[in-house]
Structures are given as structure tokens and as C-alpha cells.
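Participant: All the letters of the sequence shown, read from the start, carry residue numbers 85 to 753 under our numbering.
For each residue, glycine too, the CB sits at the ideal point set by N, CA and C.
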Amino acid sequence: MTGPLGLGGPADPSRPGRIIEPFRAVLQPPAAITLPANEVVELDLAETQWRMHPDLPAVPVWGFGAGGEITLPGPLLEVTAGRQAIIRWRNRLPGSVYPNDPGRPVPRLSFATSVVADPEGDKDSVQNWLGAQGGTPEDTAGAPIGWTSVHLHGGHSRGDSDGWPDNMAPAGGEQLDAFDNTYDNTDIGLGKVGAHLWYHDHAMNGTRYHVFAGLAGGYLLRDPREADLGLPICVEDGEIHLLLQDRNLDATDGTLRLLHKTTPDTAEFFGPLTLVNGLIWPRLRLRPDVFRLRLLNGSNARAYRLHLVSVVDEGNGTGSVTPHHDRLLVIGADGGLLWRAWQPGADDALTLAPAERLDVLLDLTELPEGSTLYLINSAQAPFGGDSPPLLESLLTDGDRPGRNPYPWVARIDVEVHAHCSGQQRSLRDKIAAAELNPAFRRLVHDVVEPPPAGEPRQLSIEGHEHRIILLAETDPPGHLYLQEIVEDEAGKIALQLPGDGAPMTYRVEGWMADDRAHSDTRVSFYDRIALRPQLGQWQLWRFINTTGDTHPIHIHQSQFQPVDAAGVRLAVADGSGTNLYNPTCRTTSAPIVPDPTTPARAFEPFETRGWKDVIRVDPGNAVKLAVRFDVPGRYVYHCHVLEHEDTEMMRPFIVTVMDMDDGGGMGHM
Ligand SMILES: [Cu+2]
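1) Output the distance between the C-alpha atoms of D584 and D264, rounded to the nearest integer angstrom.
2) Quick one: measure Cβ to Cβ for F644 and V720, integer angstroms, because I've assumed they're closer than 8 Å.
3) I'd like the list of long-range same chain contacts for A216, defined as Cβ closer than 8 Å, with 5 residues on each side in sequence excluded.
4) What residues match up with N461 in a beta bridge as DSSP calls it?
5) Considering only heavy atoms of ligand 1, list every residue whose Cβ is less than 6 Å from one of them, following chain order.
6) How would you label T631, buried or exposed, when you count the other beta carbons within 10 angstroms and need 16 or more for buried?
7) State the Cα-Cα distance for the pair R309 and G301, rounded to the nearest angstrom.
8) Which of the three DSSP states, helix, strand or coil, is assigned to L448?
9) Between the stretch 413 to 430 and the stretch 684 to 695, can you find at least three pairs of beta-carbon atoms closer than 8 Å?
10) Taking Cβ positions, are T358 and V234 nearer each other than 7 Å?
11) Would you check if the stretch 496 to 510 and the stretch 421 to 432 touch, i.e. whether three or more CB-CB distances between them fall below 8 Å?
12) For M288, does the count of other Cβ atoms within 10 angstroms reach 16, so buried, or fall short, so exposed?
13) Go through its chain and collect everything with a Cβ distance to T220's Cβ below 6 Å, but skip five positions before and after it.
14) Kindly indicate the opening and closing residues of the alpha helix (DSSP H) around A351.
15) Would you mind sorting P97 into buried or exposed? The rule is 16 or more other CB atoms within 10 Å of its CB.
16) In three-state terms, what does DSSP make of P580?
17) Quick check: what's the CA-CA separation for N521 versus V528?
18) Using DSSP bridges, identify the partner residues of M734.
19) At a cut-off of 6 Å, is E688 close to ligand 3 when judged by its beta-carbon and the heavy atoms of the ligand?
20) Quick one: measure Cβ to Cβ for Y293 and H237, integer angstroms, because I've assumed they're closer than 8 Å.
21) Taking C-beta to C-beta, are Q259 and W173 nearer than 7 Å?
22) Start and end of the alpha helix (DSSP H) containing L511?
23) Hey, how far is the Cα of E323 from the Cα of N705?
24) Going by beta carbon distance, what residues of the same chain come within less than 7 Å of G747, once the five residues before and after it are set aside?
25) In or out: H728 buried (at least 16 other Cβ within 10 Å) or exposed?
26) Beta strand (DSSP E) containing E162: first to last residue?
27) Report buried or exposed for E153, applying the criterion of at least 16 other Cβ atoms within 10 angstroms of its Cβ.
28) Please report the straight-line C-alpha distance between R441 and L328, rounded to a whole angstrom.
29) What span of residues does the beta strand (DSSP E) with H240 cover, start to end?
30) How is Y182 classed by DSSP in three states: helix, strand or coil?
31) Give me the residue from N175, A586, V592 with the minimum Cα distance to A574.
32) In chain order, what residues of the same chain have a beta carbon less than 6 Å from the beta carbon of D483, not counting five sequence neighbours either side?
33) Taking just the CA atoms, how far does G362 sit from P159?
34) Assuming A150 contacts E126 (C-beta within less than 8 Å), just tell me the rounded distance between them.
35) Along the chain, where does the beta strand (DSSP E) that runs through H548 open and close?
36) Using a Cβ-Cβ cut-off of 7 Å (strictly less than) and excluding sequence neighbours within five positions of L377, which residues of its own chain qualify?
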């Protein structure tokens with residue numbers, strides 16, 4: 085095999101002896117549908133055949149579409165912000181599981197599954213290789229195959245239109261949602277400018293399978309300010325929607341299929357093939373203009389750390405990789421345009437955990453005909469927030485064998501006569517200098533100093549409530565979950581937060597107060613609902629990651645901001661490793677205390693200059709979020725690694741109009 089950035093690819097499982105050649109497919113924009121105000125639009129969820137690469141046969145997938153046109157990804161939905169859209173999601177999948185009715189047609193997934201033991205000495209990397217590699221099919225008997233509940237991710241939705249995971253529609257059934265598409269927090273001058281949302285299935289215990297099968301698509305909220313700033317707002321003007329997903333393929337039984345391969349210990353799915361808009365490693369044919377890239381990581385579990393580079397490959401793993409980040413300008417994140425744009429440096433990268441989005445200007449001006457640039461990914465899988473490797477090492481995969489063997493994402497071919505044209509250089513200069521979202525305010529807590537020069541104006545949050553949520557993993561590993569904890573003198577969880585003089589004790593809040601003898605080894609989604617934020621009251625939720633992996637935390641209904649410049653880093657006082665919490669006995673073997681040696685990760689500029697609905701919580705890190713809910717109802721928050729979410733790294737919360745605090749919270753003015 086040649087080096088990862090060489091021309092070699094993995095072997096084609098359907099035709100032994102051939103390889104899957106990168107950059108053969110030409111990127112296609114997704115089908116686009118403009119949603120009219122207050123009119124019902126019907127979108128079907130159905131099976132279709134999809135060709136991911138010119139040399140490969142089509143494979144069965146599940147997608148969304150209208151009028152019988154089912155696509156991967158689903159159509160890009162567009163709506164003017166502030167206008168209500170109404171969607172009737174019609175489940176037209178091949179069938180749904182009815183365990184008590186053997187007379188019903190037996191449903192099936194559109195893809196194969198395989199569970200493979202981790203080879204000795206190859207910890208956690210077996211998913212990154214093509215094919216089933218033996219293994220046994222995963223037992224999917226407990227999954228609600230074919231039952232779907234579509235969620236608009238990042239949407240400011242009413243509870244009954246949020247895709248509650250248990251409210252699943254069977255094949256033949258329907259789900260009617262009204263999305264008001266308004267911005268939350270407008271009343272306090274924290275307006276947002278546009279947003280890049282996405283829709284996907286959210287069925288309880290079935291999300292990982294259904295999204296993997298293809299049930300996902302983009303959703304753009306349009307704001308008039310985008311056009312006022314001169315930003316491209318359609319394909320013809322140079323706006324390019326890029327939905328990134330990793331996949332695997334197998335042809336063990338003679339038919340090429342998508343493959344969801346995991347290991348017994350590492351439940352996450354990672355795949356060696358990167359799909360952009362449903363195509364494996366495509367190329368973009370673009371004129372030497374300025375384009376607007378709307379990036380969305382729709383992968384089950386893979387994080388991407390993107391670099392724009394040129395590559396000189398001299399073969400045998402030698403050559404050079406040169407970043408061209410001066411051609412990138414980050415202008416938006418999950419919740420729309422940033423306060424001001426951010427220019428990444430040569431050593432920076434664009435990190436996208438699952439479900440995160442970025443809005444980026446790409447400047448190809450003055451590049452001669454025939455120039456090629458590459459979007460490559462330097463994040464290993466699994467991802468723990470590790471710093472980027474030397475880009476040169478991606479030519480040889482020398483420093484992390486098996487955890488990122490195919491770093492390609494896409495190739496950009498500069499063609500003077502390309503069909504896809506964009507804007508002039510002057511747009512990029514104007515956007516770089518502009519205050520894109522003047523109404524943006526940086527949320528602060530207990531800060532009285534004015535913001536430093538070059539930072540947005542601040543808003544100090546008042547009347548807020550503090551909560552602590554522990555991200556934990558069973559021992560032995562394999563089951564990840566999250567649980568709210570609360571101070572209790574008799575609690576067994578010893579935790580010292582910065583500012584505390586000594587460790588305090590906590591107990592799991594989801595149990596009844598008199599149920600400290602609870603003997604289960606994990607918290608269930610269906611335990612007592614501990615989070616009942618009051619309508620309109622600021623919440624400060626601190627997420628503490630006691631596991632060895634990064635977890636992208638997502639909260640429904642309202643977008644948030646991370647508070648402070650960085651998280652804090654915690655460690656076990658006796659130095660006994662990264663799994664800080666022992667869930668078997670629901671206790672900490674030694675107090676969790678501030679780590680004086682390892683810094684927490686600093687937040688990226690695109691995480692502090694705009695609104696977020698997903699945030700990376702790295703191993704050992706504690707991240708504090710400020711969020712405010714302005715719609716009453718029942719919602720969920722969860723890790724957006726879909727395999728984690730499906731196995732209960734997800735909990736409910738209820739936004740209530742009454743003060744329902746029963747002593748669990750730590751509110752103060
Ligand atoms: Cu997770």
C-alpha cells in the first residue's frame with residue numbers, strides 16, 4: 085500500500101484486485117427544497133439504491149425525498165427565518181419491527197453489521213479498515229428497526245415537534261411537525277443571523293442504524309443580512325453544502341452493501357470511506373473565485389479536523405503537505421454567523437465533532453488553471469481531542485497506525501471554465517473586516533471587567549441555576565452514559581471544582597432522595613427527571629467528562645455558549661488514570677480534583693463568537709455552558725456520538741413555567 089495521501093486506495097470489496105480510487109466522483113449539490121410559510125410539505129423516508137462511486141455498483145440506502153425522488157443525503161431544506169414551516173414526515177420504509185405480531189412483514193436494515201474483536205496490539209482501530217473482517221452480525225433485536233422519529237437539530241421547536249425519541253412512527257405512519265424557525269433569546273438583544281440546522285432520525289435505540297442507513301439532510305435558515313453582506317446564498321452564487329459522513333462497505337455474501345462495523349468494547353462506528361453528499365472522496369470543480377462552504381459533520385461518531393493543503397507526493401511515503409489556511413475564513417458555526425470572522429493559522433484546523441457545523445469562505449482567487457488543493461482530515465478515530473499531528477506524517481501514517489489510515493475528504497480542482505463560479509476577492513476582504521453579527525453578546529458569569537480589545541460586548545447572566553452532569557463509562561468499558569449529580573453529605577462521589585477548598589460529596593440526582601441503596605450499575609433514561617429548568621431562567625450546566633473519549637454534547641430547543649475561555653481539567657487525586665469515576669459502586673475511588681499539570685482545551689474562536697448547540701467535552705475536561713429555555717415542554721440532551729446516545733448517554737429535561745425546584749439545584753441571584 086502506498087502512503088495515505090498517495091494515489092492508492094483500499095481494495096474494492098466487490099471486485100477483488102481493484103482499488104477504490106479517490107477523487108473519481110464529482111461533487112453534486114443536494115436537491116434543494118424551499119419550504120413555503122404555513123403550508124404542509126410532505127417528505128418521505130424510503131429505501132432507494134445509491135451509487136457512491138463511479139466504479140462501484142449502487143447499494144441500498146434509506147433517504148428522504150419528495151415525489152418519489154429519494155436522495156442521499158436528503159434534500160437541502162431552506163426557509164426564511166421567522167416563517168413557520170410545516171413538514172409531514174411520511175415513513176415509507178420497508179417495514180417496522182412488531183415483536184408481538186409474527187404475521188407482519190419482517191423488516192430489515194438496508195446494510196450489514198459486523199462485530200469484530202479488537203486484534204491484540206491494534207486497540208480501537210479495527211473499524212478504520214475496509215470490510216467485515218470476519219466477525220459476527222450485530223444483534224439488532226432490541227432496536228426499533230423501521231420506527232422513526234425525525235428531529236430538527238438546532239431547531240427552536242415546540243416539544244411536540246421536536247422528535248421525542250419514543251414518539252416513533254412505524255412504516256406507513258406519519259409525523260407532523262411545525263417549526264417556527266424563530267431565534268430564541270431575541271428579546272434580550274442576542275439576535276442570530278441565519279443558521280445551518282439539519283434533520284435526522286432520532287428513534288430511541290435506533291438512531292445509529294437509521295442515520296447510518298442515510299436518514300439525514302441539511303436545513304438552512306436564511307436571514308436577510310446574509311444577502312446584505314453579499315454572501316452567496318445559492319449554488320449559482322457559489323454556496324456549497326458539504327455533508328460529511330464516514331462509511332464502510334462489504335461484499336462478503338457477494339452483494340456490495342454498506343457495513344456498520346463495531347467492536348465489543350468500542351461501540352462507536354467509524355468507517356474508512358469519507359462521503360461528501362453521498363459520494364466517496366469526491367472532487368470539486370471550481371473556478372478561481374471565492375466560495376461559501378456550509379460544512380456539516382453528519383457522521384455517527386467520527387470527528388474531523390480539516391486542513392486545506394497542497395500535496396506533493398513523491399511516492400514511497402515521501403513528499404510534502406503544505407497548509408493553505410490563508411485561503412479560509414470561518415464566518416459561522418452551529419447557530420449562524422459569528423460576531424466577526426476568524427482567520428485560521430497554518431497550525432490551526434477546522435474541528436467538527438459529530439453534528440457540528442461550520443460556515444467557511446474558501447478563496448481560490450489567483451490560483452492558475454489546473455491547481456489542486458485537498459481537504460484532509462487529521463483527527464484519529466476514536467478521537468480524544470489530541471493535538472494535530474505533523475501534516476507530513478499523514479503521508480506515512482507513521483505516528484498513529486490504524487487510527488486514521490485514509491485522511492482524504494475531497495480534492496478541489498481549479499478550472500477556469502468550471503461550471504461552478506463564485507465571488508470576487510473583494511467579498512472576502514469585506515467579510516474579513518465586517519462585524520457580521522453586531523447584536524451578538526458574549527455570555528459571562530461573575531465577570532465585571534469590560535471585554536478585552538477585539539472581543540465582542542458581554543452580557544452578564546443573572547438569576548441563574550447551576551447543575552453538574554457527569555459523563556461516565558462502565559468498568560469494564562463499553563457502556564457510556566451521563567447522569568446529573570447533586571451535593572449530598574452522604575454522597576459517594578468526591579469532586580473538587582476550581583474555587584472549592586476541598587472535595588465535596590455528591591450523589592446521583594436521578595434517583596429518589598431516599599433511594600441511596602439503588603443497586604443498578606447505571607442511570608436509565610427513564611429514571612426520575614432531574615433537570616426541570618424554569619422557563620426563561622438562565623442555566624449554567626457543567627459537564628464533567630470522566631471517560632477517555634471526547635463526547636460532543638447536544639442540548640435540544642435552545643442554543644448555548646460555553647462560558648469562560650476554556651474548560652477546566654480534572655484528574656483523580658491518586659493518579660489512577662483517566663476513567664475518573666467507578667460506576668459499578670457509583671463512587672469515586674479517590675477524589676476528582678483540579679489537574680495542575682494538564683491544561684484543559686481552550687475554546688475555538690468559532691465556539692465563543694457565536695451560538696452553539698453541540699460542544700466537544702474532551703477527556704478529563706469540565707465544560708460549563710450557559711443556556712436559557714423559552715419554550716415549555718419535554719426535551720432531551722445527549723452525547724451526539726449516535727452509538728452513545730442510543731445506549732443511554734441521553735437524558736430528558738422538562739422546561740416548566742413553575743418553580744419546580746425541590747432542592748436539587750443550586751440557584752442563586
Ligand atoms: Cu459520547
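Facilitator: The answer reads as follows:
1) Between D584 and D264, the C-alpha separation is close to 43 Å.
2) Wrong, their Cβ atoms sit about 15 Å apart, outside the cutoff.
3) Listed in chain order, the non-local C-beta contacts of A216 below 8 Å within the same chain comprise A196, S198, V200, D334, T336, L343, K345, local neighbours out to five positions each way being set aside.
4) In the DSSP assignment, N461 forms a beta bridge with L390.
5) Cβ-based neighbours of ligand 1 within the cut-off: L564, H635, C723, V725, H728, M733.
6) Buried, by the Cβ-count rule.
7) So the two alpha carbons sit approximately 24 Å from each other.
8) Coil at L448, not helix or strand.
9) Yes, since at least three Cβ pairs between the stretch 684 to 695 and the stretch 413 to 430 fall closer than 8 Å, the two stretches touch.
10) Taking the C-beta atoms as reference points, V234 is found no nearer than 7 Å to T358.
11) A contact is defined here as three or more CB-CB pairs under 8 Å, and the stretch 421 to 432 fails this definition with respect to the stretch 496 to 510.
12) The Cβ neighbour count for M288, taken over all protein chains shown within 10 Å, is at least 16; the residue is labelled buried.
13) In chain order, V199 place their CB closer than 6 Å to the CB of T220, counting only its own chain and leaving out the 5 sequence neighbours on each side.
14) Unbroken run through A351: none, as it is neither H nor E.
15) Per the 10 Å Cβ criterion, buried.
16) The sequence shown places Gln at residue 580, not Pro. Three-state DSSP puts Q580 in coil, outside helix and strand.
17) Going by the C-alpha atoms only, they are around 18 Å apart.
18) Partner(s): H722.
19) Although ligand 3 was asked about, the structure shown includes only ligand 1 as ligands.
20) Beta-carbon to beta-carbon, Y293 and H237 are separated by about 18 Å, too far to satisfy the 8 Å threshold.
21) Inclusion of Q259 and W173 in the CB contact set at 7 Å is warranted, their separation being smaller than that value.
22) It spans 509 to 517 - the alpha helix (DSSP H) in which L511 sits, taken as one unbroken run.
23) Using only the alpha carbons, I get a separation of about 36 Å.
24) Interpretation of G747 is limited by its pLDDT of 47, a score under 50 that renders its predicted location unreliable; no figure is taken from the coordinates.
25) H728 should be labelled buried.
26) 158 to 164 is the span of the beta strand (DSSP E), which, as asked, contains E162.
27) Exposed: under 16 other Cβ atoms inside 10 Å.
28) Distance between the alpha carbons of R441 and L328 is about 10 Å.
29) From DSSP, H240 is part of no beta strand (DSSP E); its letter is neither H nor E.
30) Residue state, collapsed to three classes: coil.
31) The option with the nearest alpha carbon to A574 is V592.
32) Residue placement at D483 cannot be trusted, given a pLDDT of 48 that sits under 50; what the coordinates show is reported in the next sentence. Contacts found: P473, S477.
33) Between P159 and G362, the C-alpha separation is close to 12 Å.
34) For A150 against E126, the beta-carbon gap comes to about 7 Å, under 8 Å, which counts as contact.
35) Segment 548 to 557, the beta strand (DSSP E) holding H548.
36) So the list reads I324, L326, V444, L446, once near-sequence residues are dropped.
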